[in-house]
Amino acid sequence: MTIHHVSPRPLEVCCMQHKRLGWAILLAGLACLIWAETTTAQMQILTPDGTTLHLAGTISNADTTGLGLAKYGLGTLVLSGNNTYGGNTLLYEGTLQVAGNSALGNHTLDIFQGTSLSYAAGATLYNPMQLRPHPDPTSTPPSDSIHWLVASGAATQAGTANGSVPVIKQGAGTLYLMGFGFNTALTTVAQGTLAVGNFMAGPVQVNAGARLAGPGIIQQITVQPGGTLAPGMAPGDIGTLMVIGDLNLHSGAVLEADVDAHGRADLVQVLGIARLNGQVRAMAQAGPWQPHTDYTLLHAAGGLDDTRFTSVSSNMSFLTPSLSYDAQHVYLRLDRNDTPLDEVADTPTEKEVADAIDTEDNPDVYDKVIVMDKDQAKEAYRQLSGSWHASVLSGIVEDSRFVRQAALFNTPRGLVDHGPSGRRSWGQAFHSDGHRQDDKGAPTDKRKLNGLVLGVSHPISDSLHANAYIGMQDSQMRRDRAMATARVSTLHAGAALGGNWAGAAWAVGAAHSWHRIQSHRNLAVAGLRDALSSGYRGRTMQGFAELVAPVRWMASALQSLSAEPQRLLVEPTLAPFARVAWVHSQLGEHTEDGGSAALAMRTARSSVIFSKVGLQASHPVHMPGGEATIKAELAWRHAGGGTDTVSRQAFRDGITRREFISYGHPVARQAWSLQLGLDATWHKHRRLIVGYAGQYATGRQDHGARLTLNWGF
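So for the sequence shown, our numbering puts the first residue at 130; every next one is plus one.
Structure follows, in structure tokens:
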């Protein structure tokens, strides 16, 4: 059960001689009880076991008596208000959670053996702390220790901590001890991190899975198997930790030391004896690393007692750590090893980039990569590659279908009533959303596309029609994981010819497209940070053909089933069809603007032959405004030729500009497409077609809509 005190009125602590003030809260059969007594000069708060009381309002003194607050009961009291009461806070039993920086008034916290002090994430406790034995020597407290708990995040104990009672740090969070610690009893780090930024008078023990950090001064340290000792205040901070007495590192313990390329490293300064075991873990930072760098990790004035660490490791795949010793010191050396950078690469693109970096053709990029761990290096290779530009190229090839489909859809094939002049104008607008999952090392990307194609068709004869068209298309591409974007603006122009031969409809056509691309890439992995951009142009040429053979055997059957045969003015049909298209796209040379990771891109080309077979179906329906036709198309598409898209590039700031290749998303080898639409005639020479168009391939989906308007004049 939880009770929240959220009244905006202050909760006043007052005192009257020899008179009980009464019950303030009674809920759920006395589950939580608050009362005040004058004889103790504190307001007493009782939270029975299993209950939580949250006082969020302000607690203050009603007069100048300066009374304090005493917490009893095995339950939990949460204080989060801006409290101003003048007396001490006494934690006799249970748990006190501090959820605000002024939660405990203006004076000392007296915390007794067997209780728990819980810090909310982000809380800072400025009050001094007195660690006291249990007030009743005849009773047995739940624990012989005081517990400091930070469940998650980080909290700070800024006030001093005095006493002689064992303390246990619990919870996965971090507790920063910035005040002096004069507790002479053992402090045990059982969970999470205890970071000491000042002086601790007693010994500290670090248990398995826990961490002791900070550039403080500690009386004595023992690190159990699985525990970690790190002199810096936080990962990445370089600091010096002093041990007044002895340092004992047991088998399986870890000494974690941050090091940088300039020779700075964490240091443990031991005035007594350092007994070594376990391992050293060197955590490197980005920088201009030399072939070898030396560090002093530990100095023990009382010697090493003829002990050694059992192993040393590093977070760097390309630097080999080694340890050396003298009578009082432990030294670390990092040497550039013979491991090639492509040792950690998994894909051809990653290997190409790694090999280009390993030549040290671009020293700035090389220095940042060699201090990365395996996963960071692989991610750096992906981001440093030109695969984004290759993926843009394959996207342009795939999206060439929109203008092709508009031309084929609006090219007449037989006898058509165009209107008085014999010509027909048309316009088709379309929108599409697509995404491609990871493929051959190219990260997932997404695309939004809008376009408009306008054309005019003219009859050459009763069975032959010419069609000319122009169009525009805007595509926004985005790669989430590598933080890359591209905008592709396209202009189209083309012509088509359609006719009817022996009952089969056919069409052929060609189109030329001009692309303008604006690309942006943001690199962010370990110490590699760069913002790159480029603007360049490209073009696409394509030729295409279609053959449709209607099957009209359904017409008579449907006529016989129709209740009003005379209304069935348009015959339902099934029509097998075949299409073929040759598409050639080319993107021009360009150089990215930005830092040392910028690329100089070579011309990129892709030629693909698309073939599609499928079935078209149409069925007439009667509508209040006239006749309409429901149309559907299901097809299987195959891509042949160079479906892999490749970019060739070199680092712009490379000394020799060594060229390497990168693979982007390939053109989908096989895909299914589905189109659904409604073709309505609201005037003798005007038609409106609305519909859905989707394409599906393994790891890819594309969903779109189209709107087509035809009118004769």
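Even glycine gets a Cβ: it sits at the ideal position worked out from N, Cα and C.
Remember, predicted model here, so these are calculated numbers, not experimental data.
Residue i - containing beta strand (DSSP E), residue span
i: HIS518; result: Counting along the chain, HIS518 falls outside any beta strand (DSSP E), though it belongs to the alpha helix (DSSP H) covering 516-528.
i: ILE275; result: 275-278
i: TYR495; result: No beta strand (DSSP E) contains TYR495, which is instead part of the alpha helix (DSSP H) from 492-498.
i: ASP387; result: 383-388
i: ALA285; result: For the record, residue 285 in the displayed sequence is Thr; it is not Ala. Run containing THR285: 283-286, per the beta strand (DSSP E) assignment.
i: HIS263; result: Run containing HIS263: none; DSSP gives neither H nor E here.
i: TRP765; result: 755-770
i: ALA822; result: 815-826
i: ARG462; result: 458-465
i: PRO450; result: 448-454
Status (buried if at least 16 other CB within 10 Å, exposed otherwise) for residue i
i: TRP643; result: exposed
i: TYR665; result: buried
i: TYR598; result: buried
i: THR98; result: The chain is shown only over 130 to 842; residue 98 falls outside these bounds and no answer can be derived.
i: PRO364; result: exposed
i: TRP765; result: exposed
i: SER590; result: exposed
i: THR269; result: exposed
i: HIS719; result: buried
i: THR732; result: exposed
i: GLY600; result: buried
Spatial distance of residue i from residue j (CA atoms)
i: HIS276; j: THR449; result: 41 Å
i: ALA429; j: GLY223; result: 42 Å
i: LEU716; j: LEU581; result: 23 Å
i: THR614; j: SER648; result: 6 Å
i: HIS748; j: ALA757; result: 9 Å
i: ASP502; j: VAL227; result: 39 Å
i: ILE499; j: ASP434; result: 36 Å
i: MET371; j: LEU427; result: 10 Å
i: THR439; j: ALA779; result: 44 Å
i: GLY308; j: GLY186; result: 28 Å
i: GLY288; j: ALA301; result: 22 Å
i: ASN291; j: ILE373; result: 18 Å
i: ALA822; j: ALA390; result: 56 Å
i: ALA382; j: ALA411; result: 14 Å
i: TRP152; j: GLN299; result: With a pLDDT of 34 at TRP152, under the threshold of 50, the modelled position of this residue cannot be trusted; read the value that follows with caution. Cα to Cα, the separation comes out at about 34 Å.
i: GLY743; j: PHE706; result: 6 Å
i: THR351; j: LEU378; result: 6 Å
i: LEU203; j: ALA339; result: 27 Å
i: THR702; j: ALA761; result: 11 Å
Backbone secondary structure at residue i - three-state DSSP
i: CYS161; result: The predicted model places CYS161 with a pLDDT of 40, which falls under 50 and marks its position as unreliable, so this point remains unresolved.
i: ALA624; result: strand
i: GLU508; result: helix
i: PHE438; result: coil
i: ALA634; result: strand
i: ALA359; result: strand
i: ILE738; result: strand
i: LYS569; result: coil
i: LEU703; result: strand
i: PHE531; result: helix
i: PHE559; result: strand
i: VAL473; result: helix
i: PHE328; result: strand
i: LEU537; result: helix
i: LEU513; result: helix
Nearest to residue i (by Cα), restricted to the options the options
i: PRO295; options: ALA280, LEU278, THR316 and GLY308; result: THR316
i: LEU376; options: HIS391, ASP387, ARG404 and LEU358; result: ARG404
i: LEU206; options: ASP192, TYR248, GLY195 and MET612; result: TYR248
i: TYR221; options: ILE240, GLY210 and ALA232; result: ILE240
i: LYS575; options: GLU675, SER523, THR478 and LEU208; result: SER523
i: MET844; options: ILE174, TRP555 and HIS794; result: Past the boundaries of the shown model lies residue 844; the chain is included only from 130 to 842, so the question cannot be answered.
i: ARG608; options: ALA636, LEU198, ARG786 and GLY570; result: GLY570
i: ALA809; options: ILE759, THR237 and ILE486; result: ILE759
i: GLY638; options: ARG542, TYR510 and ALA474; result: ARG542
i: ALA800; options: VAL459, THR785 and SER740; result: SER740
i: THR436; options: LEU358, MET445 and SER453; result: SER453
i: GLY771; options: VAL333, PRO417, ARG798 and THR619; result: ARG798
i: ASN839; options: HIS587, ALA624, ASP603 and GLU788; result: HIS587
i: PHE328; options: ASN336, ALA342, HIS263 and ASP455; result: ALA342
i: ASP568; options: ASN312, TYR255, LEU657 and TRP517; result: TRP517
Cutoff 8 Å: residue i Cβ touching any chain C Cβ
i: GLN557; result: Going by chain labels, chain C is absent from the structure shown, which holds only one protein chain.
First and last residue of the uninterrupted alpha helix (DSSP H) at residue i
i: GLU479; result: 477-487
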